[in-house]
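Under the UniProt record's numbering, the residue at position 84 of the sequence shown is numbered 84, and the numbers go up by one with no gaps.
Below is one structure, written out as structure tokens; comments come after it.
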Amino acid sequence: MSPEPPLSAEQARRLPDYPFQGRWFNHGAAHQHYLDEGEGKPVLMVHGNPTWSYMWRRLVLGLRGRYRCIAPDHLGMGLSDRARDLPGSLLAESRAQDLGRLVEHLVAERRAPARGWTLVVHDWGGPVALWWAHLRPGVVDRLVVLNTAAFPWPPGYRPPRSLLALRQPSVGRIAHASNAVVHMALSRGVCRPLPPAVRAAYAAPYRRKRDRSTLVRFVQDIPLSPADAGWPHAQRLGEALVYFTQVPVFLGWGMRDPLYDDLVLAEWTRRLPGAALHLYPYAGHYVLEDMAWQLVEDIRDFLAVTDHCPS
1 MSPEPPLSAE
11 QARRLPDYPF
21 QGRWFNHGAA
31 HQHYLDEGEG
41 KPVLMVHGNP
51 TWSYMWRRLV
61 LGLRGRYRCI
71 APDHLGMGLS
81 DRARDLPGSL
91 LAESRAQDLG
101 RLVEHLVAER
111 RAPARGWTLV
121 VHDWGGPVAL
131 WWAHLRPGVV
141 DRLVVLNTAA
151 FPWPPGYRPP
161 RSLLALRQPS
171 VGRIAHASNA
181 VVHMALSRGV
191 CRPLPPAVRA
201 AYAAPYRRKR
211 DRSTLVRFVQ
221 DIPLSPADAG
231 WPHAQRLGEA
241 LVYFTQVPVF
251 LGWGMRDPLY
261 DDLVLAEWTR
271 RLPGAALHLY
281 PYAGHYVLED
291 MAWQLVEDIR
301 DFLAVTDHCP
311 S
């Protein structure tokens, strides 16, 4: 673990639009940071790579008056301790186990309900959180999907060249040293440049080289073909999505995403045909940055309408 946190809670609270009281849960020697804001039905927000709970700030601010908003930082990311993952292990499965332990703690010790959770996922948060959820039928009764994938890539999909390059060990080492994963994501993942203070906030937990190892590892874990170790996991997860055809689903999609393209969106609509589809033509991968005001309003409306649906 890092000898000191990459960013203190007090430093984090001075970041733009992040006035939250951080909390910690101990996984043995590893401390996981999470937000727990508001009261009401729990809304669990799970981020991807290379972001952290900061990406949910506007959604938390928009929902905490009516819902209990819980947004963890994965171990190895954000304000959480840096994890020592075993070589060859799949980060998605490891982080799903972490998520399960955190939710169990919230239920057992912080008066969270055992059922009736809303799950909000983005990027790697999709494979992580949906893996956790499908192993616990009945816990999640609503799903919000934002620019992610939870199945093998559809036929015809072509990954960006930058992603392919990062999977090469030599390029990965350079990216780790230069913090290239963060810089590329923040520049290519939005349609409008982020304000400098917001860019700095996203990058703040990854300023030190020793705090970035998970970022490249997540990229290298992306399964692109059956030869990759994560391909069977993606297949099983795709098959498990049938469970979510029985719950209300909000599918919010930034249409200018260089990673999750129209083919990925079409696969989501094929697998979850009853989803409420919301398209944002002028948003990229980080749809919550490009279209925050509209997306927060749309999610709030979706939750209000489905609050009275039977669980």
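Built from N, CA and C at the ideal position, the CB exists for glycine as well.
Coarse secondary structure for residue i, derived from DSSP in three states
i      : result
Leu35  : strand
Arg23  : strand
Trp124 : coil
Ala108 : helix
Arg66  : coil
Ala30  : strand
Pro195 : coil
Val43  : strand
Leu75  : coil
Trp52  : coil
Leu130 : helix
Leu119 : strand
Buried versus exposed, by CB contacts within 10 Å (16 or more), residue i
i      : result
Arg217 : buried
Gly78  : buried
His33  : buried
Ser170 : exposed
Leu237 : buried
Glu10  : exposed
Tyr280 : buried
Leu135 : exposed
From the options, residue whose alpha carbon lies closest to that of residue i
i           : options                        : result
Glu109      : Pro205, Phe25, Glu239, Ser213  : Phe25
residue 343 : Met184, Asp211, Arg210, Ser213 : Missing from the structure shown is residue 343; the chain here goes from 1 to 311 and no further.
Asp36       : Arg161, Met45, Val296          : Met45
Tyr260      : Leu241, Arg236, His285, Phe244 : His285
His233      : Pro72, His47, Ala92            : Ala92
Pro160      : Val219, Trp293, Arg13, Thr51   : Val219
Arg142      : Ala150, Ala149, Ala133         : Ala133
Ala165      : His176, Pro155, Gly156         : His176
Gly156      : Asp228, Leu265, Arg84          : Leu265
Asp211      : Asn179, Trp231, Glu239         : Asn179
Supposed contact pair residue j and residue i - C-beta distance, whole angstroms, cut 8 angstroms
i      : j     : result
Arg95  : His74 : 5 angstroms
Pro137 : Leu99 : Their Cβ separation, rounded to whole angstroms, is 16 angstroms, which puts Pro137 and Leu99 out of contact at 8 angstroms.
Segments assigned alpha helix (DSSP H), at least 4 residues, entirely inside the segment 135 to 185: Counting only runs of 4 or more, we get 161 to 166, 169 to 178.
Within the segment 206 to 279, ranges of the beta strand (DSSP E) (whole runs, at least 3 residues): Listed in chain order, the complete beta strand (DSSP E) runs (minimum 3 residues) inside the segment 206 to 279 are 249 to 254.
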